[in-house]
Amino acid sequence: YRDIMSERWALDHAPPSLPAPREAYARAHKLGKGAFGVAFCYREPLEGRELAVKVNWQAIEHTDVVHEIEMLERVQGSEHVIRFFSPAHRLDGGHMLVFEKASGDVMDRWITDPLTDLRKGFFRQMVLGVHHCHTLGIAHIDVKLDNFVLMADDRTVKLIDFGNARHAFTKEGLVKPVFGGGGTYNE
Numbered sequence: 005y006r007d008i009m010s011e012r013w014a015l016d017h018a019p020p021s022l023p024a025p026r027e028a029y030a031r032a033h034k035l036g037k038g039a040f041g042v043a044f045c046y047r048e049p050l051e052g053r054e055l056a057v058k059v060n061w062q063a064i065e066h067t068d069v070v071h072e073i074e075m076l077e078r079v080q081g082s083e084h085v086i087r088f089f090s091p092a093h094r095l096d097g098g099h100m101l102v103f104e105k106a107s108g109d110v111m112d113r114w115i116t117d118p119l120t121d122l123r124k125g126f127f128r129q130m131v132l133g134v135h136h137c138h139t140l141g142i143a144h145i146d147v148k149l150d151n152f153v154l155m156a157d158d159r160t161v162k163l164i165d166f167g168n169a170r171h172a173f174t175k176e177g178l179v180k181p182v183f184g185g186g187g188t189y190n191e
């Protein structure tokens with residue numbers, strides 16, 4: 005029941021169009037649902053460009069959203085990390101996170117396509133995405149197939165979902181003991 009209500013809440017709070025400077029983008033359809041929100045496709049009608057917009061549940065703490073934004077901004081610059089454009093604000097004060105739109109999940113393709121060379125290429129890109137984060141001192145914490153997406157070319161893999169990411173080093177440059185995972189793994 006909670007999931008249905010949360011999803012309905014997110015749908016009700018996903019505006020029909022994005023705020024400036026992307027006001028031409030109109031909500032098109034739902035892309036998927038995660039633990040803390042629903043992702044929608046927003047389309048720019050004249051040129052057909054699309055964005056993915058994550059609308060967080062009402063119950064999520066503001067500090068958690070701010071943390072995810074900080075982690076996303078820190079790890080930008082790799083072709084194997086999802087491109088984050090900016091947060092957008094809803095009229096009710098909540099946040100929406102604006103990303104480039106992926107075409108699908110790595111998990112679906114991994115299961116349906118037994119080609120070993122394709123899987124090797126995907127895995128290499130997954131490691132490059134995680135490595136990029138590590139070189140910036142960020143530990144993703146929730147690395148799993150569900151947190152990688154395929155882009156429109158159906159070959160490029162990108163890392164997503166930085167809600168559990170953490171700084172991996174102390175101020176003195178020592179590695180922090182960082183443990184955990186998504187959802188119930190942290191409890």
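Note that the sequence shown covers residues 5 to 191 in the working numbering.
Beta carbons: idealized from backbone N, C-alpha and C, even for Gly.
For clarity, every value in this text was computed on a predicted model and none was experimentally measured.
Of all the options the options, which has the alpha carbon lying nearest to the alpha carbon of residue i?
| i | options | result |
| --- | --- | --- |
| residue 112 | 150, 165, 49 | 150 |
| residue 72 | 37, 51, 146, 176 | 146 |
| residue 102 | 52, 87, 36 | 87 |
| residue 162 | 36, 126, 43, 174 | 126 |
| residue 141 | 91, 66, 170 | 170 |
| residue 110 | 70, 123, 40 | 123 |
| residue 43 | 74, 164, 181, 172 | 164 |
| residue 21 | 45, 107, 76, 35 | 45 |
| residue 80 | 133, 32, 29, 50 | 133 |
Using the DSSP secondary-structure output, state which residues sit across from residue i in a beta bridge.
| i | result |
| --- | --- |
| residue 117 | The partner list for residue 117 (beta bridge, DSSP) is empty, contrary to what the question assumes. |
| residue 91 | 101 |
| residue 36 | 43 |
| residue 170 | 143 |
Check whether the Cβ of residue i lies closer than 8 Å to any Cβ atom in chain D.
| i | result |
| --- | --- |
| residue 131 | Annotation note: the requested chain D is absent from the structure, which comprises a single protein chain. |
Is the separation between the beta-carbon of residue i and that of residue j shorter than 8 Å?
| i | j | result |
| --- | --- | --- |
| residue 70 | residue 41 | no |
| residue 130 | residue 166 | no |
| residue 90 | residue 136 | no |
Tell me where the beta strand (DSSP E) around residue i begins and ends.
| i | result |
| --- | --- |
| residue 54 | 54-60 |
What span of residues does the alpha helix (DSSP H) with residue i cover, start to end?
| i | result |
| --- | --- |
| residue 154 | It is not in any alpha helix (DSSP H) - residue 154 instead sits in the beta strand (DSSP E) that spans 152-154. |
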